[in-house]
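Residue 1383 in this note's numbering is what sits at position 96 of the sequence shown, and the numbering runs on without skipping anything.
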Amino acid sequence: MSHPNPPDPDCIFCKIVAGQIPCRKVYEDDELLAFHDINPWAPVHFLLIPKEHLESLAVTHARHELLLGRMMLLAPRLALEQGCTPGRDGGFRVLVNNGREGGQEVLHLHMHVMGGPRPWKRG
Ligand code: AMP
Ligand code: ZN
């Protein structure tokens, strides 16, 4: 990818990407990292993030088209691998919070992927 953003030294998810903070890894490739949420709402709850520091969907551009598409395609695959129930009676939730009023607490773009039998702790 051309002109990626540099890591943000104050960003907790950049620190996870750099290996400075541990995570329970679900998936990793050159561009993307997935790890279990530290405070899960559901039996399956992991976060899928770009390794590049991008604050939210609000700051993405055309050059991120492939990256965002890869995240959308990867989410269902990882959801099943992590134990979400397949088919219409199962499923999973994909959630992206953007900005403070959008409920975003960690300002590094992340996709929540949640699933597993109900009830969930939240949502
Ligand atoms: P959001 O409100 O969309 O910004 O969600 C941030 C999520 O990051 C929350 O669900 C937190 O539980 C999760 N989180 C925060 N710190 C960590 C961490 N060190 N490892 C894994 N998940 C984390
Ligand atoms: Zn970051």
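Where a beta carbon is used, it is the ideal one built from N, C-alpha and C, also for glycine.
Owing to the predicted nature of the structure, the values given are computational and were not obtained by experimental measurement.
Residue 1348 classed as buried or exposed, judged by whether at least 16 other C-beta atoms fall within 10 angstroms: exposed
Selection from 1334, 1342 and 1346 that minimises the alpha carbon distance to residue 1359: 1334
Cα-Cα separation, residue 1340 to residue 1321: 14 angstroms
Nonlocal neighbours in the same chain, by C-beta distance under 7 angstroms from residue 1403, ignoring five residues either side: 1329, 1330, 1331, 1370 and 1371
Heavy atoms of the ligand ZN versus C-beta positions, residues under 6 angstroms: 1295, 1298, 1300, 1301, 1340 and 1395
Local Cβ density within 10 Å of residue 1405, reported as buried at 16 or more and exposed below that: exposed
Beta-ladder partner(s) of residue 1321, from DSSP: 1314 and 1335
CB-CB length for residue 1367 against residue 1373, believed under 8 angstroms: 6 angstroms
Spatially closest choice to residue 1353 from 1343, 1304 and 1318, by CA coordinates: 1318
Any residue whose CB is nearer than 7 angstroms to a heavy atom belonging to the ligand AMP, listed in chain order: 1299, 1303, 1308, 1310, 1322, 1323, 1324, 1325, 1326, 1334, 1384, 1390, 1391, 1392, 1393, 1397 and 1399
Three-way DSSP call (helix, strand, coil) for residue 1355 in this model: helix
Inter-stretch contact at 8 angstroms, needing at least 3 Cβ pairs: the region 1373–1382 / the region 1395–1402: yes
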